[in-house]
Amino acid sequence: MSVMPNILFVQTDQLTVDVLSAYGQPVAVTPAIDRLAAGGTVFENFYCNFPLCAPSRASMSTGMLASRIGAFDNAAELPASIPTYAHYLRQAGYYTSLCGKMHFVGPDQLHGFETRRTTDIYPGDFTWSPDWSKTGFDGATDSRVLTDSGVVGRSVQLDYDEETTHQAVQEIYDSARREDGRPFFLQVSYTHPHDPYLCRQRHWDLYENIDIPAPRTGMLSGDDADAHSRRILAQHGFDNADVSDDDIAKARRAYCGSVSFIDAQLEQLLAALEESGQKDNTVVIFTSDHGEMLGERGLWLKKTFFEPSLRVPMIISAPGHMASRRVTTPASLVDLLPTFMALATEAGWGGAVEDLDGQDLCRLTAQPDDPDRPVYAELLSEGILAPIFMIRRGRYKLVTSKGDPDMLFDLERDPDEHHNLAGHPKHADLLASLRAEAHAKWDSDALSDAIRLSQRRRHLIRDAHIKGTPPQWDFVPAPMDDSRWYRGHGNYNDWAMDYLPSQNTPSKQD
C-alpha cells in the first residue's frame, strides 16, 4: 500500500449495531458488511457524540464536540472558518469528494470538499431551528412511521440513496482515470435506514423465514420511564399512539430491509473499487451518524443516551495500517479526523490548528485495549430542559443534566440499562466523581445561554429571509460535465479506445 492510500468513507444514517451480525446480532441480512468486518477492524464500543443527525456529523467532521463549535441542533450552522477533515486531507494532497447526505447548515455547503456530486436531502437554512422558549415542540415525526411502515414500491429516500450510489461509483471510476496523481477521499453518505421504516419488496422478502426478535424491553409506563424518555415519546407522537405488536414487528422488519438495502449499496461500491483496480490501495471505513432505538423501552428513532441510540458500528478495512481484530477500547466519531490524517501521512500527525477531542484510532489499536478510555456525548437540541451530557468511563455510563435526575448504569452487568444506580449509596462516590468530571468539562449555564442566543439569532434571520427573495443555501450540483463526450474533435478511435481496462480481463496493452 502506498504512503497515501485512497480512503472510502461510507456512512449510514440511524443504523444500530443491534441488528448486525458483525456485532453478535445476526438479524439483518448483510453479506457485504459481514465480509468487510471479517477482514477488518471492528470497534465493539463505538459511539456517536450527539444522537442527532446534523450535530453528530458536524462534530465528526471537525473532531470536536458540538458544544465547542455551536452545532447545537439540526438547524445550527457549521461555521466555514472551522476546518474539517476534508480541509486537512485536501491540504495534505487528497482529492476530496462527497456523495450523499451531509446535513450541512449555512451558506458553505462544501466545507473542504473539492466536489460534491449530489444535493442534500434536508434544508441547508434555519428552517428547523428549535425554540426553547416554547413549552411544546412540533416534531418532524409522528406515529405514522410505525402504523404505515412496510413495503413500498418507491420512495424519495430510495431515489436519493440510489442516486448517491450511482454518483459514488462514477466517482470511483473517475478517480482511477484522474491524471493528477492525487489519492481520493470519497465520503458516501446515505439516508437509510433512517425512518420512515419502508423498504422494497425484494429486501422485505429476505426476512420471510427469519425470526426478527421483538424489543428486549417494551414500553415503560409512568415512573418506570425516565423524564427525558417521557418527553421524547410525546415529541415523537408515541406516548398515546395506538401501536400494535404487529405494527412494531412490521416496522422492525422494514428497518432490517432498509439495512439490507444499504448493504447492497456497499456491495456496489466495493465492486467498483475492485473493477477499477483500486481495491488494494483503498482504506474502507463504515459507520453511522447515530443509532436507532427500534422500539426498545417503547422508544424509536434517536435523541436518547441509551445504547441503541448512541452506539454505532465502526468497521475499518485498512491492511497495512490496522490489524484485523476486534477492539474493545471505547471510541467515538470525533476520533475520525485524526485517524484519517494518520492514514494519510503514515506518521504521527500533529497538524491540527487547535486541540481536538479525538485521537488517532490507528495508534489506539496498536496498543492493548483500554476499557477505561472515556467517551463523551451531548444533547443540546429540542425536547430538553437543559443540556444533557453523557460520560462513559469503563463499565459505567453517567447521563446528567440540570433538567433531569441523574442516571448511572453498569453496562457490563446491565447492558439493557434497566437499573439506575444513581440513588444507590454503594455508588455514591462513583457518581460524585463522574458528576465532577462532567462539571469540569461543561458549563451547563453558559452553554444554555449560548444556545438560547443562537436560537434567537436564527429565528430572526429565518423570519427576515422569508420576506422578499430568500437566499439559496441548499446545494445544487453543477450541470454534468459535457467534455467527456465525443464532439467531432480529434480521432474517434483515439477517443473511443481510451478506456479504463477491466481488472478481470487482459488489458489493451497485453
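Going by the working numbering, the final residue of the sequence shown carries number 609, and the count climbs one at a time with no gaps. By construction, the Cβ of each residue, glycine as well, lies at the ideal position given by its N, Cα and C atoms.
Backbone CA spacing between Tyr259 and Thr290 [nearest angstrom]: Along the sequence shown, read from residue 1 onward, the residue named residue 259 stands at position 160. Along the sequence shown, read from residue 1 onward, the residue named residue 290 stands at position 191. Roughly 8 Å between the two C-alpha positions.
Which of helix, strand or coil DSSP assigns to Met100: For this step, residue 100 is matched to residue 1 along the sequence shown. Here Met100 scores only 41 on pLDDT, less than 50, and its place in the model should not be relied on; the value that follows carries that caveat. Note: Met100 maps to coil in three-state DSSP.
Inter-residue spacing [alpha-carbon to alpha-carbon] between Ser606 and Ala595: Position 507 of the sequence shown, counted from the start, is the residue given in the question as residue 606. Position 496 of the sequence shown, counted from the start, is the residue given in the question as residue 595. The pLDDT assigned to Ser606 is 48, lower than 50, so where the model puts this residue is not dependable, and the model offers no usable value.
Buried versus exposed, by CB contacts within 10 Å (16 or more), Arg253: On the sequence shown, position 154 is the one that residue 253 refers to. Taking every protein chain shown into account, the CB of Arg253 has fewer than 16 other CB atoms within 10 angstroms, so this residue is exposed.
Close-in-space but distant-in-sequence residues of the same chain around Thr427 (CB under 8 Å, 5 per side omitted): Stepping through the sequence shown from its first residue, residue 427 is reached at position 328. Correct list, in chain order: Glu143, Asn144, Asp468, Pro470.
With 16 other Cβ atoms within 10 Å as the buried cut-off, status of Arg425: As a working mapping, residue 425 is identified with position 326 in the sequence shown. Its Cβ having fewer than 16 others within 10 Å, Arg425 is exposed.
Complete runs of the alpha helix (DSSP H) confined to the region 433-457 [at least 4 residues]: Whole alpha helix (DSSP H) segments, 4+ residues: 435-444.
Own chain partners of Thr111 with C-beta closer than 6 Å, once the 5 adjacent residues on each side are dropped: By one-based count along the sequence shown, residue 111 stands at place 12. So the list reads Tyr289, Ile361, Ser387, once near-sequence residues are dropped.
As assigned by DSSP and simplified to three states, the class of Thr290: One-based indexing of the sequence shown puts residue 290 at position 191. The three-state reading of DSSP puts Thr290 in coil, since its state is none of H, G, I, E or B.
Closest by C-alpha distance to Ala222, when choosing among His202, Tyr495, Ala326, Gly280: As a first step, residue 222 must be located in the sequence shown, where it is residue number 123. It should be pointed out that residue 222 corresponds to Pro in this sequence rather than to Ala. By alpha-carbon distance to Pro222, the top candidate from His202, Tyr495, Ala326, Gly280 is His202.
Alpha helix (DSSP H) runs wholly inside the region 242-282, at least 4 long, in chain order: Those alpha helix (DSSP H) runs which fall completely within the region 242-282 and span 4+ residues are 243-246, 255-276.
Assigned exposure category for Ser101 - 16 Cβ within 10 Å defines buried: Stepping through the sequence shown from its first residue, residue 101 is reached at position 2. Summary for Ser101: the model assigns pLDDT 48, below 50, so the residue's position carries little reliability; its value from the coordinates is reported in the next sentence. Exposed, because fewer than 16 other Cβ atoms sit within 10 Å of the Cβ of Ser101.
Assigned exposure category for Gln608 - 16 Cβ within 10 Å defines buried: Walking along the sequence shown from the start, residue 608 turns up at place 509. Because Gln608 sits at a pLDDT of 48, beneath the cut-off of 50, its placement in the model cannot be relied upon, and the point is left open.
Whether Phe284 touches Leu188 by CB criterion (8 Å): Position 185 of the sequence shown holds residue 284. Position 89 of the sequence shown holds residue 188. Yes, the Cβ-Cβ distance between Phe284 and Leu188 is below 8 Å.
Nearest-angstrom Cβ-Cβ length linking Met103 and Gly192, presumed shorter than 8 Å: Working through the sequence shown from its first residue, we reach residue 103 at position 4. Working through the sequence shown from its first residue, we reach residue 192 at position 93. Indeed they touch by this definition, with Cβ atoms about 6 Å apart.
Minimum Cβ-Cβ distance from Glu143 to chain D less than 8 Å: This model lacks chain D altogether, as it is built from one protein chain only.
Where Gln608 sits in the DSSP three-state scheme: Counting from 1 along the sequence shown, the entry for residue 608 is found at position 509. Because Gln608 sits at a pLDDT of 48, beneath the cut-off of 50, its placement in the model cannot be relied upon, and the following sentence gives the value as read from the coordinates. Three-state DSSP puts Gln608 in coil, outside helix and strand.
CB contact flag (Ser242, Ala333, <8 Å): The residue labelled residue 242 in the question sits at position 143 within the sequence shown. The residue labelled residue 333 in the question sits at position 234 within the sequence shown. Cβ atoms of Ser242 and Ala333: not closer than 8 Å.
Candidates Arg281, Glu278, Ser343, Ala353: closest to Leu305 by CA position: As a position in the sequence shown, residue 305 is number 206, starting the count at 1. Among Arg281, Glu278, Ser343, Ala353, the Cα nearest to that of Leu305 belongs to Ala353.
Beta-ladder partner(s) of Leu297, from DSSP: Indexing the sequence shown from 1 puts residue 297 at position 198. Partner(s): Gly249.
Gly321 - DSSP class collapsed to helix/strand/coil: For this step, residue 321 is matched to residue 222 along the sequence shown. DSSP places Gly321 within a helical segment (H, G or I) once states are collapsed to three.
Enclosing alpha helix (DSSP H) for Cys349 [first to last residue]: Position 250 of the sequence shown, counted from the start, is the residue given in the question as residue 349. A small fix is needed here, since residue 349 is Lys in this sequence, not Cys. Run containing Lys349: 344-374, per the alpha helix (DSSP H) assignment.
Boundaries of the beta strand (DSSP E) in which Ile220 is found, first to last residue: Residue mapping note: residue 220 aligns to position 121 of the sequence shown, counting from 1. First-last for Ile220: undefined, no H or E at that position.
Distance between Gly457 and Gly162 (C-alpha atoms, nearest Å): Counting from one through the sequence shown, the residue named residue 162 turns up at place 63. Counting from one through the sequence shown, the residue named residue 457 turns up at place 358. The alpha-carbon atoms of Gly162 and Gly457 are separated by roughly 6 Å.
Check whether Val342 and Thr246 have beta carbons under 8 Å apart: For the purposes of this step, residue 342 is identified with residue 243 of the sequence shown, where counting begins at 1. For the purposes of this step, residue 246 is identified with residue 147 of the sequence shown, where counting begins at 1. Cβ atoms of Val342 and Thr246: closer than 8 Å.
Distance between Gln113 and Arg472 (C-alpha atoms, nearest Å): Walking along the sequence shown from the start, residue 472 turns up at place 373. Walking along the sequence shown from the start, residue 113 turns up at place 14. About 25 Å.
For Lys540, the first and last residue of its enclosing alpha helix (DSSP H): Locating residue 540 in the sequence shown gives position 441, counting from the first residue. Start and end: 527-540.
Local Cβ density within 10 Å of His538, reported as buried at 16 or more and exposed below that: Taking the first residue of the sequence shown as 1, we reach residue 538 at position 439. Classification for His538: exposed.
Spatially closest choice to Val141 from Cys147, Ser357, Asp133, by CA coordinates: Position 42 of the sequence shown, counted from the start, is the residue given in the question as residue 141. The candidate whose alpha carbon is nearest that of Val141 is Asp133.
Rounded Cβ spacing between Leu177 and Ala185 (contact assumed at less than 8 Å): As a position in the sequence shown, residue 177 is number 78, starting the count at 1. As a position in the sequence shown, residue 185 is number 86, starting the count at 1. Contact between Leu177 and Ala185 is ruled out by a C-beta separation of about 12 Å, above the 8 Å threshold.
Whether Ser547 touches Ala485 by CB criterion (8 Å): Here residue 547 is taken as the residue at index 448 of the sequence shown, counted from 1. Here residue 485 is taken as the residue at index 386 of the sequence shown, counted from 1. Result yes, Cβ atoms of Ser547 and Ala485 sit closer than 8 Å.
At least 3 beta-carbon pairs within less than 8 Å: the region 225-232 vs the region 558-565: The region 225-232 vs the region 558-565: in contact.
Same chain, Cβ closer than 6 Å to Leu478, five either side skipped, listed in chain order: Numbered from its first residue, the sequence shown carries residue 478 at position 379. Within the same chain, Leu478 has close Cβ partners Ile487.
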